[in-house]
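*Asks:* Below you'll find the structure I mean.
Residue numbers (the numbering used here): 87 to 272.
What follows is the structure, encoded as structure tokens:
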């Protein structure tokens, strides 16, 4: 007798949970595009096309939608949220710039702070509009730690500055001082 297969996330595919986890982690955590993963799989004698992996990523996004919505709900209950956006190069995309917005909560301190560590991403094809943040945060009215981009000014949250961005301006000013000299940046 052959044991019954466990239910598959993606019916009629070879996509096991561990394989999907590997592809997702490589793509989104380690920024390894699917075409490079396709090449890596080929080195091991595995023919797995980027189109197949792309289809799996789309199907996984549907599977993870409820989890993502739940984490966003928890995130929006936190007293402080950090937000930032960055440009993203997308192969074969019509627009020259796409944006990935990140929203996170929690602490890097060891132990249980009572604030869950949540990091969520929101991809947008070519807009850096404040409406993106307004839509994602809804009526969030806690503290929103951001970099000073004016798009954040229209949210209901209380904006607080980002020390990393403040520090960067001082470091840039210090680098422009004469060698061995001191100035206002010091």
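Just so it is clear, CB atoms sit at the ideal spot from N, CA and C, and this is done for glycine as well. Source: prediction; values computed, not measured.
Provide the residue span of the alpha helix (DSSP H) that contains residue 245, from first to last.
*Replies:* Segment 244-246 is the beta strand (DSSP E) holding residue 245; no alpha helix (DSSP H) there.
*Asks:* Please state if the CB of residue 168 and the CB of residue 190 are separated by a distance shorter than 7 Å.
*Replies:* Cβ atoms of residue 190 and residue 168: closer than 7 Å.
*Asks:* Taking just the CA atoms, how far does residue 219 sit from residue 127?
*Replies:* Looking at the two C-alpha atoms, the distance is approximately 38 Å.
*Asks:* I'd like to know if the stretch 153-166 and the stretch 114-132 are in contact, where contact means that at least 3 CB-CB pairs between them fall below 8 Å.
*Replies:* Verdict: no, contact absent.
*Asks:* Since residue 147 is in the alpha helix (DSSP H), which residue starts that stretch and which ends it?
*Replies:* Residues 136-161.
*Asks:* Tell me whether residue 116 sits in a helix, a strand or coil according to DSSP, three-state version.
*Replies:* Coil, per DSSP.
*Asks:* Looking at residue 207: is its Cβ nearer than 7 Å to the Cβ of residue 188?
*Replies:* For residue 207 and residue 188, yes; Cβs fall inside 7 Å.
*Asks:* Under three-state DSSP, which class holds residue 239?
*Replies:* Reduced to three states, the DSSP call for residue 239 is helix.
*Asks:* So, at 6 Å on beta carbons, what are the nonlocal neighbours of residue 246 in its own chain, with the 5 sequence-adjacent residues on each side left out?
*Replies:* Once the five neighbours on either side are set aside, the close Cβ partners of residue 246 are 229 and 231.
*Asks:* Quick one, which of 144, 165, 268 and 214 has its alpha-carbon nearest residue 173's?
*Replies:* Of 144, 165, 268 and 214, the residue nearest in Cα terms is 214.
*Asks:* Where does residue 174 fall in DSSP's three states?
*Replies:* DSSP places residue 174 in strand when its eight states are reduced to three.
*Asks:* Given that a residue counts as buried once 16 or more other Cβ atoms are within 10 Å of its Cβ, and exposed if not, what is residue 241?
*Replies:* Per the 10 Å Cβ criterion, buried.
*Asks:* Pick out whichever of 175, 171, 111 and 162 has its Cα sitting closest to the Cα of residue 146.
*Replies:* Nearest of 175, 171, 111 and 162 to residue 146, Cα basis: 111.
*Asks:* For residue 175, tell me which candidate among 211, 152 and 140 has the shortest Cα-Cα distance.
*Replies:* Ranking the options by Cα distance to residue 175, first place goes to 211.
*Asks:* Are residue 109 and residue 139 closer than 7 Å when you measure CB to CB?
*Replies:* Yes, the Cβ-Cβ distance between residue 109 and residue 139 is below 7 Å.
*Asks:* Since residue 142 and residue 91 should fall inside the 8 Å C-beta cutoff, what is the C-beta to C-beta distance between them, to a whole number of angstroms?
*Replies:* Residue 142 to residue 91, Cβ: 17 Å. No contact.
*Asks:* Per DSSP, which residues does residue 205 bridge with? Please list them.
*Replies:* Its beta-bridge partners are 190.
*Asks:* Tell me which residues share the same chain as residue 263 and place their Cβ nearer than 7 Å to its Cβ, disregarding the 5 neighbours each side in the sequence.
*Replies:* If we look at residue 263 and ignore the five residues flanking it on each side, its Cβ neighbours are 269 and 271.
*Asks:* What span of residues does the beta strand (DSSP E) with residue 226 cover, start to end?
*Replies:* Here residue 226 belongs to no beta strand (DSSP E), and DSSP marks it neither H nor E.
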